[in-house]
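Novice: If you count by the numbering used here, then the sequence shown holds residues 4 to 511, one letter each, in order.
Heads up, the beta-carbon is just placed ideally off N, CA and C, and yes, glycines get one too.
Pasting a structure here, questions to come.
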Amino acid sequence: MKKIHTLALVTAMLVGVATTTTSCLEKYPDNAIPADKAITDLETLDQAAIGVYDAFKSGALYSGYLTLLPDIQCDMVHAINGYTNTYGNIWRWDILATNTEITSVYAALYDVIARANFLLEYAPRVEPTLTTDEEMTQFEQICGEAYFARALAYSELIRLYCKSYENKEQAETELGVVLITKYNSDEPIVRSSLQASYELVIADLERAAEMMDIDENSHTGIIYNSTYFNEYTAYALRARVALYMKEYDTAIEYSTKVIDSGYYALSAANAEYSSGMSYFTYMWQYDDATEIIWKVGFTINSYGGALGRVFFNYDYISMKPDYVPSEWVLSLYDVADLRYGNYFYTYTTGHSHGLTWPLLVKYFGNMNFFNQQILHTSMPKPLRLAEQYLIRAEAYASGVGNYAMAGDDIAMLRSARYQSYGGSVSMTEDNAMQIIEEERIKELYMEGFRLMDLKRWHKGFERTPQTESIESGSSLKIEADDALFVWPIPQHELESPGSMIEPNDSNK
């Protein structure tokens, strides 16, 4: 589907991020173009959509905090001697409601929501100006993108700032998030229930899928590796949400829609893309792959944060990482598992202690950016086909006890990741979840899933010191259901004028 996106941004789409006691939900800057003049036709509506996509480039989101902090907080990495203390409070579990990173994630997600609400609120004035079926299709697509963006942002807020979903009865009394569905709203700023929060996400995803529907009869292009949302983007997120809600049949239904669509294929680590480079390697070095369902689009002139910085801090002379992979994670990979060589490479660091260790080369950076001296910058890939196989495997195992089907999905993933993998995966009630948990770690390492996984599985963890790990934080035991598995609501949100937001246990 041809889009009419341009590079312009409308000032009215830019939402201020609070830095004082002003709420993140306050969103109309004094110097903005008046709303009634900002969206008047299909072109300005499309520009508003660019503003929504642009918000996802924030370093507080997928190119930074939202991706890195959930895994740094848990058991995936160790801070090492000589580190800069970047994210040190998160690593040590010294997480407060005034923490800059925690506050920034919250604000950036509500920024996305405000932009999406702005577009949706003023889109109806554009519809009467449309004169062709093509224009109407484009209008529907843009509105669908806004609904999806809002659903994605709310799903991330729920994932980080709410307790896990156990069942509908529990969720109806559990705190959710503040739901804002209108740009201009006098609604009280209160938290909805967890059930109502998820229901809004689901409703938005259903609308988004319908409005971004791909006409299978006329569609001739490809949709993988897309920087835009589409029908299958909605299905992929719907599968993830269903898994988090323990609606396993629904998770199977939607992950199967994506897997069986024919639009995506796992990027093989054992097949050459070009001489000496596999399809899987190319995905991480150039951010281009058949298994990418949606990525945040960067150019050398417009990009977000640098995911790999804290794992390298390369200055063209040496590498002085803040964090290195935890030894127990490295030990999970089999000898034939090609992910190891794509994710980790052993270097001698430039720290005074000269630690030699496997560093996270997965985020060393897009080579096109690196050649322009833009270091450690990769396009985030929040939705990949690999996750859909993992979602379906877990749903088969946990939901319906179909361990054979769960094993088939894990085997399919491994067949694309191993040098040679011709066998099946034998799963039973006793070992299924251990296999799935380990596979999620090996595949999704440092992509931001670990905190939510431990929370929804009601598992804790224990860190033990490893070579050159710093003393503070390396010996840490976190019990299951610790309050800080749920991030605190930012303090300025609790204290902003008119706020009736209830705090989390982690705020106390």
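How many Å lie between Glu190 and Ser499 at the Cα?
Specialist: Cα-Cα distance, rounded: 15 Å.
Novice: Assuming Arg443 contacts Met79 (C-beta within less than 8 Å), just tell me the rounded distance between them.
Specialist: Not really, about 11 Å apart at Cβ, beyond 8 Å.
Novice: If you follow the alpha helix (DSSP H) that Glu143 is in, where does it begin and where does it stop?
Specialist: 136-164 is the extent of the alpha helix (DSSP H) around Glu143.
Novice: Taking DSSP as the reference, what is the three-state secondary structure of Arg453?
Specialist: Of the three classes helix, strand and coil, the one that applies to Arg453 here is helix, per DSSP.
Novice: Tell me which residue opens and which closes the beta strand (DSSP E) that Arg128 is part of.
Specialist: From DSSP, Arg128 is part of no beta strand (DSSP E); its letter is neither H nor E.
Novice: What are the start and end residues of the beta strand (DSSP E) that includes His1?
Specialist: Residue 1 is absent from the structure shown; the chain starts at 4 and stops at 511.
Novice: Do three or more CB pairs link the segment 374-393 to the segment 312-331 at distances below 8 Å?
Specialist: Short answer: they touch.
Novice: Whose CA, out of Pro385, Lys185, Tyr168, Ile183, lies closest to the CA of Glu177?
Specialist: That would be Tyr168, whose Cα lies nearest to the Cα of Glu177.
Novice: Three-state secondary structure (DSSP) at Arg194?
Specialist: DSSP places Arg194 in strand when its eight states are reduced to three.
Novice: Could you tell me the alpha carbon to alpha carbon distance between Ala63 and Thr87, rounded to whole angstroms?
Specialist: Using only the alpha carbons, I get a separation of about 19 Å.
Novice: With distances taken Cα to Cα, identify the nearest neighbour of Glu124 among Tyr150, Met215, Gln391.
Specialist: When only C-alpha atoms are compared, the closest one is Tyr150.
Novice: How many angstroms separate the CA atom of Cys146 from the CA atom of Gly300?
Specialist: One C-alpha to the other measures close to 19 Å.
Novice: Provide the residue span of the beta strand (DSSP E) that contains Arg466, from first to last.
Specialist: Where Arg466 is concerned, the enclosing beta strand (DSSP E) stretches over 464-466.
Novice: For the ligand SAM, is there a heavy atom less than 6 Å away from the beta-carbon of Ile98?
Specialist: The ligand SAM is absent from the structure shown, which contains no ligand whatsoever.
Novice: Across which residues does DSSP place Tyr421 in a beta bridge pair?
Specialist: Beta-bridge pairing links Tyr421 to Asp340.
Novice: Taking the CB atoms as reference points, tell me whether Lys260 and Tyr238 lie closer together than 7 Å.
Specialist: In this structure, Tyr238 lies closer than 7 Å to Lys260 by Cβ.
Novice: If you run the structure through DSSP and keep just helix, strand and coil, what is Val299?
Specialist: Coil.
Novice: Can you find the residues in the same chain that come closer than 6 Å, C-beta to C-beta, to Ala58, ignoring five residues on each side of it along the sequence?
Specialist: Asp114, Val115, Arg118, listed in sequence order.
Novice: Quick check: what's the CA-CA separation for Lys445 versus Ile438?
Specialist: In a straight line, the C-alpha of Lys445 is about 11 Å away from that of Ile438.
Novice: Are the beta-carbon atoms of Asn1 and Met214 separated by less than 7 Å?
Specialist: What is shown of the chain runs 4 to 511, which leaves residue 1 out entirely.
Novice: With a 10 Å radius around its C-beta and 16 neighbouring C-beta atoms as the bar for buried, classify Ser200 as buried or exposed.
Specialist: Buried: at least 16 other Cβ atoms inside 10 Å.
Novice: Taking only the alpha-carbon atoms, compute the straight-line gap between Ala400 and Ser427 and give it to the nearest angstrom.
Specialist: About 15 Å.
Novice: Ile481: which of Asp207, Lys458, Ser472 sits nearest, CA to CA?
Specialist: Taking only the C-alpha atoms, the option nearest Ile481 is Lys458.
Novice: Could you check the C-alpha separation between Ile413 and Arg241 for me, to the nearest Å?
Specialist: Answer to the nearest angstrom: the Cα atoms are 20 Å apart.
Novice: When the Cα atoms are used, what is the spatial distance from Tyr448 to Tyr343?
Specialist: One C-alpha to the other measures close to 11 Å.
Novice: If you draw a straight line from the alpha carbon of Gly224 to that of Asp218, how long is it in whole angstroms?
Specialist: Their Cα atoms are separated by approximately 11 Å.
Novice: State whether the segment 384-399 contacts the segment 242-259, with contact taken as three or more CB pairs (one from each stretch) at a distance under 8 Å.
Specialist: Yes, the segment 384-399 touches the segment 242-259.
Novice: Here's the rule I'm using: 16 or more other beta-carbon atoms within 10 Å means buried, otherwise exposed. How should Arg128 be labelled?
Specialist: Exposed is the call here.
Novice: For Tyr326 and Gly85, I'd like the C-alpha separation in whole angstroms.
Specialist: Taking the straight line from one Cα to the other gives about 10 Å.
Novice: Is there contact here, the segment 43-53 with the segment 355-365, by at least three beta-carbon pairs under 8 Å?
Specialist: At 8 Å Cβ cutoff, the stretches do not touch.
Novice: In angstroms with no decimal places, state the Cα-to-Cα distance between Ala272 and Tyr366.
Specialist: So the two alpha carbons sit approximately 17 Å from each other.
Novice: What's the gap between the Cα of Trp287 and the Cα of Ala419?
Specialist: The straight-line gap from Cα to Cα measures roughly 15 Å.
Novice: To which residues does DSSP link Arg387 through a beta bridge?
Specialist: BP columns for Arg387 point to Ile295.
Novice: Can you tell me which of Thr89, Gly476, Leu497, Gln173 puts its alpha carbon nearest to the alpha carbon of Leu310?
Specialist: Out of Thr89, Gly476, Leu497, Gln173, Thr89 has the C-alpha closest to the C-alpha of Leu310.
Novice: Report the partner residues of Val327 according to the DSSP bridge assignment.
Specialist: Answer is His81.
Novice: Using a threshold of 7 Å, state whether the C-beta atoms of Ala483 and Lys511 are closer than that.
Specialist: Cβ atoms of Ala483 and Lys511: not closer than 7 Å.
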